[in-house]
Structure formats: C-alpha cells, structure tokens
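To start, the structure itself, in structure tokens.
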Amino acid sequence: MMPIFTAILIAALLIIITGFFCLTQTRNLLRVIIGIEVAMKGVTLLLAFAGFINGNYDLVQAFIITVIVMEVVVAVVAAGIAVRVYEKNDSLDIRKLTKLQG
Amino acid sequence: MNVMGLLFYILLALMLCFGVAAVLMRNLVKAALCLAGSSACLAVILCFLAAPWAAIFELSVCSGLITVITISAISLTTPYTKDEENELIKQRRTRYIALPFILLIVGVVSGYALLNGQTSLMPVMAYASTFASFKEVLWQLRQVDILGQIIMLLAGVFAVVVLFKERDEA
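Residue numbers (the numbering used here), protein chains in the order written: chain A, 127 to 228; chain B, 151 to 320.
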C-alpha cells in the first residue's frame, strides 16, 4: 500500500485541483465560494502536513488558524456580494454581470 | 497496517470524495453539506497530524459557520424553474465530465513520481522539542498575525454592513 505521507500529498493536490476546476468551470457565484473553500481544504492539509514533517506543529497551527479566519472573511464578503448581485440581476450567473459601472 | 493507519486512509478518501461531491452536486444545499463533510474529515485528519487547536477551529468555523453562511445565502435566492434546471443539467454534464479524468491522471502521475522519486518524507521528531509551545507562538511570536486577523474581521464586518445597507433607490 502507498505510504501515508505520499497519500496525504496526493489527496491535497487532488482536492486543490478540484477547487480550481470548479472556479474555472462554474458560472454560479455561490459555487465560486464552494470552489474556493474546497481548494482551501487542500491548502490547510498541506500546511498541517508540513508542520508534521518538520516537527514544528505549533507554528503551523497558528498559520492554519490565520488561514481559517481569512477563509471566513472571504466567504462572508463573497456571499454578501452574491446576494446583492442576485437582488440587482435576478440571477447568480456571472455571464449576466454586464451592467457593472466603473 | 494498524487500525489508526487504515482510519487515516479512509478519512483522506472521504475528504476527497466529499470535496469532489461538493463541486459536482447539482443541488447547492447538498453541495454546501458535502463541503461541511469535507471539513469534518479534515478536522479529524488535523488531530492525527498533531494539530488539535487547528482541528477545533476547522470543525467549528469551516464545518459550522461557513456552511451556515453558504446556506443562508442560498436561501435568499429562488430555485430554478424546471426548464432552466434541465438546460443547466445538460450544460453541467459537458463542463464537469473532464474532472474525474483529470483527477485520475494527476493522481496516477503524481503517485508514480512520488513513489519512484528520491524524496523521503519522514517526520523530524528530533527538532520538535526546540520549538516554542502553541501559546507562545500565537501570542508572542505571531502577534502580527493576530493583528492582521482582527483587521480582516473588521474589514469583513464593514463590507457586509456596506453591502446590506438599505439604499435610497430614488
């Protein structure tokens, strides 16, 4: 069977690719949030793995907590933007965002 | 292989499956729940990787709060009509059909490269005792991170207040 550390690296890589694939293919603003969150799961796993490999668990935990806080802020602001866009356009489709000014 | 090792592999596979399901699921609420499942699996994996504080945050914030935020945003929108949904299903099939193949190819290639490469990934436990404790790291060494987090949270609150402020349409 595959060594456990190799399995972690491959799982993290695959989940990051899944998130980025979602970001490139989706046209729904709420799915963009889901894509970002999925990719961030892979990043969090890689960070924890890096800490475990070099034995510096506590520094990595501080980094992971920072990443999680940023994830929440991004999710909240993105959800707020998505709801406002829906109120304006009656759609979450990014192809219909043609009335932006600026 | 012991039971804990087997459990670790199962959790990794579950996390990946929930992540892929969150992307492929047609129903947005189910997709959000799959994302929560992926976070829960990651939280247990973090416990295995000696990061219990990060696991608590992952479980409570990512698996709980972000799911609530996403489902709240979904509840503020209206579902598609039958015709729109049928059209969307056709489009999604063509757009997402490549994902399983991409994952399979990347998984096989990276697995082959890592197993046959010269890299040895072994934990360096000997250095572990030289590092500061979690409390010292968070409150003494990474104070700038805490400040950054507070600023980002305040910026997020400000953004939400501005976004949901009642506008004078006249």
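Glycine included, each C-beta is placed from N, C-alpha and C at the ideal position.
As assigned by DSSP and simplified to three states, the class of residue i
i, result
"residue 320 of chain B", "Legend: pLDDT at residue 320 of chain B = 45, less than 50; position of this residue unreliable, value from coordinates given subsequently. Looking at residue 320 of chain B - three-state DSSP - the assignment turns out to be coil, as it is neither helix nor strand."
"residue 219 of chain A", "strand"
"residue 266 of chain B", "helix"
"residue 154 of chain A", "strand"
"residue 202 of chain B", "helix"
"residue 128 of chain A", "coil"
"residue 282 of chain B", "coil"
"residue 250 of chain B", "helix"
"residue 196 of chain A", "helix"
"residue 180 of chain A", "helix"
"residue 225 of chain A", "coil"
"residue 142 of chain A", "helix"
"residue 176 of chain B", "coil"
"residue 147 of chain A", "helix"
"residue 168 of chain B", "helix"
"residue 308 of chain B", "helix"
"residue 126 of chain A", "Since the first residue of chain A shown is 127 and the last is 228, residue 126 of chain A is not available in this structure."
"residue 158 of chain B", "helix"
"residue 189 of chain A", "helix"
"residue 292 of chain B", "coil"
Contacting residues, own chain, Cβ-Cβ under 8 Å from residue i (five flanking each side not counted)
i, result
"residue 158 of chain B", "195, 198"
"residue 223 of chain A", "211, 215"
"residue 156 of chain A", "205, 208, 218"
"residue 185 of chain A", "177"
Beta-carbon proximity list for residue i, same chain, < 6 Å, skipping 5 on both sides
i, result
"residue 164 of chain A", "144, 145"
"residue 183 of chain A", "177"
7 Å CB neighbourhood of residue i in its chain, flanking five on each side removed
i, result
"residue 190 of chain B", "209, 213"
"residue 181 of chain B", "172, 175"
"residue 282 of chain B", "291"
- Short-range partners of chain B found in the segment 192 to 216 of chain A, where Cβ spacing is below 7 Å: 192, 194, 195, 196, 197, 198, 199, 201, 202, 203, 205, 206, 207, 208, 209, 210, 212
- Message: If the cut-off is 8 Å on Cβ atoms, which residues from the segment 210 to 224 of chain B count as contacting chain A, listed in chain order?
- Response: 211, 212, 215, 216, 219, 220, 222, 223, 224
- Message: With a threshold of 8 Å, are at least 3 pairs of Cβ atoms found where one atom belongs to the segment 164 to 171 of chain A and the other to the segment 128 to 141 of chain A?
- Response: yes
- Message: Counting beta carbon pairs with one atom in the segment 199 to 208 of chain B and one in the segment 173 to 184 of chain A, are three or more of them shorter than 8 Å?
- Response: yes
- Tell me, please, whether the segment 301 to 317 of chain B touches the segment 196 to 205 of chain A by the rule of three or more beta-carbon pairs shorter than 8 Å. yes
- Touch check for the segment 241 to 254 of chain B and the segment 144 to 162 of chain A: three-plus C-beta pairs under 8 Å? yes
- Three or more C-beta pairs below 8 Å linking the segment 173 to 189 of chain B and the segment 175 to 193 of chain A: no
- Below 7 Å between beta carbons is the criterion; list the residues of the segment 129 to 142 of chain A that meet it against any residue of chain B, in chain order. 130, 131, 132, 133, 134, 135, 136, 137, 139, 140, 141
- Query: Can we say the segment 175 to 187 of chain B touches the segment 217 to 226 of chain B, given the rule of at least three CB pairs closer than 8 Å?
  - Reply: yes
- Item | Near-chain A residues of the segment 231 to 244 of chain B (beta-carbon distance less than 8 Å), N- to C-terminal order | none
- Item | Residues, ordered as in the chain, of the segment 290 to 314 of chain B that lie near chain A by beta-carbon distance below 8 Å | 291, 292, 295, 298, 299, 302, 303, 305, 306, 309, 310, 313, 314
- If contact means a Cβ-Cβ distance below 7 Å, which residues of the segment 166 to 196 of chain A contact chain B? 167, 170, 171, 174, 175, 177, 178, 179, 180, 181, 182, 183, 184, 185, 186, 187, 188, 190, 191, 192, 194, 195, 196
- Query: Taking Cβ-Cβ distances below 9 Å as the criterion, which residues of the segment 151 to 163 of chain B are in contact with chain A?
  - Reply: 151, 155, 158, 159, 162, 163
- Item | the segment 164 to 175 of chain B: positions lying closer than 8 Å to chain A by Cβ | 165, 166, 169, 170, 172, 173
- Query: What are the complete alpha helix (DSSP H) segments, minimum 4 residues, inside the segment 188 to 239 of chain B?
  - Reply: Taking only runs of at least 4 residues, the alpha helix (DSSP H) segments lying wholly in the segment 188 to 239 of chain B are 202 to 207, 216 to 225.
- Task: Below 7 Å between beta carbons is the criterion; list the residues of the segment 192 to 212 of chain B that meet it against any residue of chain A, in chain order.
- Result: Listed in sequence order: 192, 195, 196, 199, 200, 201, 203, 204, 207, 208, 211, 212.
- Message: Please list, in chain order, the residues of the segment 245 to 269 of chain B that have any C-beta partner in chain A closer than 7 Å.
- Response: 245, 246, 249, 252, 253, 256, 257, 260, 261, 264, 265
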